[in-house]
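Structure, as structure tokens:
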Amino acid sequence: MAQVKLQNINKIYKNGYHAVHDFCLDIKDGEFMVLVGPSGCAKSTTLRMIAGLESISSGDLHIGDKHCNDVLPKDRGIAMVFQNYALYPHMTVRENLAFGLETRKKPKDEIERRVSEAAEILEISELLDRKPGQMSGGQCQRVALGRAMVRKPEVFLFDEPLSNLDAKLRVSMRMRISRLHDELKQSGRPATMIYVTHDQVEALTMGDRICVLNRGAIMQVDTPMNLYHKPVNKFVAEFIGSPTMNMLEGKLIKTDANKMAVDINGHIFELPEEKQVTAEQYNNHGVFLGLRPEHISMEAGENGYDANITEVEEMGSESFVYLDFEGKQMICKHVNPDVSLCKQSVHRISFNMDKCHIFDKSTEENIFIPTE
């Protein structure tokens, strides 16, 4: 049983700084949960409280059926993988992998078996007699992961483990970690994994669910696709997705045709029929119109709106087009190679309003997603 429950967890430092605010999260047995957010949002602090490396100011932490607020880290059934590997430099890979088991007085043959199994899964068998100084960053991180694996913990904790690796290695390692999670589940001994990152690509590709944090508080906990398509507030909408969601400040109005629309400096964008009833409750409210880059078209023709192209980033199969629309910078994801786009030119654009999001200016909440 490896369910992790955080109930009204707070972290207040001696200087009065309130880092974590009433954090409530139920992580299911065998789930891959990602904590994501900008630097300073307390995601690593939260992870360290789960690990027992930071004290809990108030609230309750349960790992399985055990109340763990005052339980020593070694007795929590967890294993942690750090950003900086934290390997013993004077030990070989074999010795690093075996060290935790030796301190727990495990039988020698069991230690050898566990070390061999982990090395084979992570493809580091040929590195067992090397020391950390003789290996690359990617190899060291695999050893760090192996050291956690051999302990067969109920809960794996990852604190930005890939941030020191180059882009290619990050892709490879996140696949290895995801594969490890799947293999443990298929073997009948699933492990709960809690993974901290500021990289939303890692979050979206790895997590069963993602917890988005800002300033020590939970913004939304949901599946990757729901976070992308149904953000509950402006912060989540802008944080999840690359390039970020475009935001245009405007006002909800009722047109002469009795339809709800967003007025942006005199430009009227009518909402689709299924959003009309909800929008009526916010008539004359200040709002933000949110649109993903892929929901802005560069092929609008006569029915579009003029925007100035300020920059074009060619990405191979697609282009990121930076636009100035009514003094606001926007980004469009353009995939049609037959349409020529030039910097410092005027182009007609249109918005796919069926995919739009409306955020109340005062609360920044998505008016189309009911809050609990």
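Position 300 (the sequence shown) corresponds to 300 in UniProt numbering; numbering is contiguous. Glycine is no exception: its CB is placed at the ideal position from the N, C-alpha and C atoms.
**Prompt:** Considering only the beta carbon of each residue, do Gly52 and Val36 sit closer than 8 Å?
**Reply:** Position 52 of the sequence shown holds residue 52. Position 36 of the sequence shown holds residue 36. Cβ atoms of Gly52 and Val36: not closer than 8 Å.
**Asked** Going by the beta-carbon positions, is the gap between Pro264 and Leu291 smaller than 8 Å?
**Response** Along the sequence shown, one-based indexing puts residue 264 at 264. Along the sequence shown, one-based indexing puts residue 291 at 291. A small fix is needed here, since residue 264 is Ile in this sequence, not Pro. In this structure, Leu291 does not lie closer than 8 Å to Ile264 by Cβ.
**Lys361: first and last residue of the uninterrupted beta strand (DSSP E) it sits in** = Within the sequence shown, residue 361 is the residue found at index 361, counting from 1. That residue, Lys361, is in no beta strand (DSSP E); it is neither H nor E in DSSP.
**Asked** Quick one: does the C-beta of Asn69 sit closer than 7 Å to a heavy atom of the ligand FMN?
**Response** Here there are no bound small molecules, and the ligand FMN is not part of this structure.
**Request:** Could you work out which residue in Lys259, Asn96, Glu110, Leu128 is closest to Thr278 when comparing CA atoms only?
**Result:** Position 278 of the sequence shown holds residue 278. Ranking Lys259, Asn96, Glu110, Leu128 by Cα distance to Thr278 puts Lys259 first.
**Message:** Using only the alpha-carbon positions, how far apart do Leu180 and His198 sit?
**Reply:** For this step, residue 180 is matched to residue 180 along the sequence shown. For this step, residue 198 is matched to residue 198 along the sequence shown. Cα to Cα, Leu180 sits roughly 21 Å from His198.
**Message:** Would Gln3 and Asp22 qualify as a contact pair, given that the criterion is a beta-carbon distance under 8 Å?
**Reply:** In the sequence shown, counting from the first residue as 1, residue 3 sits at position 3. In the sequence shown, counting from the first residue as 1, residue 22 sits at position 22. It is not a contact, given that the beta carbons lie outside the stated cut-off.
**Request:** Express the C-alpha separation of Leu97 and His357 in angstroms, rounding to a whole number.
**Result:** By one-based count along the sequence shown, residue 357 stands at place 357. By one-based count along the sequence shown, residue 97 stands at place 97. Distance between the alpha carbons of His357 and Leu97 is about 49 Å.
**Asked** Counting Cβ pairs, one atom from each stretch, are 3 or more of them under 8 Å apart for the stretch 320-334 and the stretch 233-246?
**Response** yes
**Request:** Kindly say whether Leu128, judged by its beta-carbon, lies nearer than 8 Å to any beta-carbon of chain C.
**Result:** Of the chains in the structure shown, none is chain C; there is only one protein chain.
**Message:** If you reduce the DSSP assignment to three classes, tell me which class Tyr282 lands in.
**Reply:** The sequence position of residue 282 within the sequence shown is 282, counting from 1. Three-state DSSP puts Tyr282 in coil, outside helix and strand.
**Item:** residue 380 in three-state terms, based on DSSP
**Value:** As displayed, the chain neither begins before 1 nor continues past 372, which places residue 380 out of reach and without an answer.
**Message:** For Ser350 and Asp65, I'd like the C-alpha separation in whole angstroms.
**Reply:** In the sequence shown, the residue the question calls residue 350 occupies position 350. In the sequence shown, the residue the question calls residue 65 occupies position 65. Going from the Cα of Ser350 to the Cα of Asp65 covers about 55 Å.
**Asked** Between Leu6 and Leu87, is the Cβ-Cβ spacing less than 8 Å?
**Response** Your numbering for residue 6 matches position 6 in the sequence shown. Your numbering for residue 87 matches position 87 in the sequence shown. No. Outside cutoff.
**Message:** Measuring alpha carbon to alpha carbon, tell me which residue in Tyr85, Asn69, Phe239, Ile63 is nearest Asn214.
**Reply:** As a first step, residue 214 must be located in the sequence shown, where it is residue number 214. Considering only alpha carbons, the answer is Phe239.
**Item:** Thr192: first and last residue of the uninterrupted beta strand (DSSP E) it sits in
**Value:** Mapped onto the sequence shown, residue 192 falls at position 192. That run of the beta strand (DSSP E) goes 192-197.
**Prompt:** Roughly how far, in whole angstroms, is the beta-carbon of Cys332 from the beta-carbon of Met353, given that I think they are within contact range, below 8 Å?
**Reply:** Working through the sequence shown from its first residue, we reach residue 332 at position 332. Working through the sequence shown from its first residue, we reach residue 353 at position 353. That belief does not hold up - the Cβ atoms of Cys332 and Met353 are roughly 15 Å apart, past 8 Å.
**Item:** First and last residue of the uninterrupted beta strand (DSSP E) at Glu313
**Value:** In the sequence shown, residue 313 corresponds to position 313, counting from 1. 305-314 is the span of the beta strand (DSSP E), which, as asked, contains Glu313.
**Request:** Could you check what DSSP says for Glu270 in three-state terms: helix, strand or coil?
**Result:** Within the sequence shown, residue 270 is the residue found at index 270, counting from 1. Strand.
**Asked** Going straight from the alpha carbon of Arg174 to that of Asp109, what length do you get?
**Response** Locating residue 174 in the sequence shown gives position 174, where the first residue counts as 1. Locating residue 109 in the sequence shown gives position 109, where the first residue counts as 1. Answer to the nearest angstrom: the Cα atoms are 31 Å apart.
**Residue ranges of each alpha helix (DSSP H) within the stretch 48-77, 4 or longer** = none
**Asked** With distances taken between CB atoms, is the gap from Val143 to Gly77 smaller than 8 Å?
**Response** On the sequence shown, residue 143 is found 143 positions in, with the first residue counted as 1. On the sequence shown, residue 77 is found 77 positions in, with the first residue counted as 1. No, the Cβ-Cβ distance between Val143 and Gly77 is not below 8 Å.
**Message:** Run through the DSSP bridge pairs and tell me what Ser319 is partnered with.
**Reply:** Taking the sequence shown and counting its residues from 1, one reaches residue 319 at position 319. The partner list for Ser319 (beta bridge, DSSP) reads Glu314, His334.
**Asked** Helix or strand or just coil, what does DSSP make of Val150?
**Response** For the purposes of this step, residue 150 is taken as the residue at position 150 of the sequence shown. DSSP places Val150 in coil when its eight states are reduced to three.
**Asked** Which value, in whole angstroms, describes the spacing of the CA atoms of Asp133 and Asn164?
**Response** Taking the sequence shown and counting its residues from 1, one reaches residue 133 at position 133. Taking the sequence shown and counting its residues from 1, one reaches residue 164 at position 164. Looking at the sequence itself, residue 133 is Gly, so the reference to Asp does not match. Computed Cα separation, rounded: 15 Å.
**Message:** As a quick exercise: from His90, Val312, Asp306, pick the residue whose alpha carbon is nearest that of Ala348.
**Reply:** Sequence index remark: in the sequence shown, residue 348 carries index 348 (1-based). Reading off the sequence shown, one finds Arg at residue 348, where the question assumed Ala. With distances taken between Cα atoms, Arg348 lies closest to Asp306.
**Request:** Using alpha carbons as the reference points, say which of Glu318, Thr310, Glu126, Ser317 lies closest to Ser345.
**Result:** Walking along the sequence shown from the start, residue 345 turns up at place 345. Ranking Glu318, Thr310, Glu126, Ser317 by Cα distance to Ser345 puts Thr310 first.
**Asked** From Ile124, Ser319, Lys361, pick the residue whose C-alpha is nearest to that of Leu341; which is it?
**Response** Position 341 of the sequence shown, counted from the start, is the residue given in the question as residue 341. For the residues Ile124, Ser319, Lys361, the minimum Cα distance to Leu341 belongs to Ser319.
**Selection from His334, Met330, Ile210 that minimises the alpha carbon distance to Ser317** = Numbered from 1 along the sequence shown, position 317 holds the residue referred to as residue 317. Here the closest residue by C-alpha is His334.
**Asked** Thinking just about the alpha-carbon of each residue, which of Asp26, Val93, Ile9, His18 is nearest to the one in Cys211?
**Response** Here the question's residue 211 lines up with position 211 in the sequence shown. Taking only the C-alpha atoms, the option nearest Cys211 is Asp26.
**Message:** Are the CB atoms of Phe158 and Val81 within a distance shorter than 8 Å?
**Reply:** Translated into positions along the sequence shown, residue 81 becomes position 81. Translated into positions along the sequence shown, residue 158 becomes position 158. Contact: yes.
**Asked** Sorted by chain position, which residues of the same chain lie with C-beta nearer than 6 Å to Tyr13's C-beta, five sequence neighbours on each side aside?
**Response** Locating residue 13 in the sequence shown gives position 13, counting from the first residue. For Tyr13, where only same-chain residues beyond five positions count, there are no Cβ hits under 6 Å.
**Prompt:** Can Asn8 and Val20 be called in contact, C-beta distance under 8 Å?
**Reply:** On the sequence shown, residue 8 is found 8 positions in, with the first residue counted as 1. On the sequence shown, residue 20 is found 20 positions in, with the first residue counted as 1. No, these two residues do not count as a Cβ contact at 8 Å.
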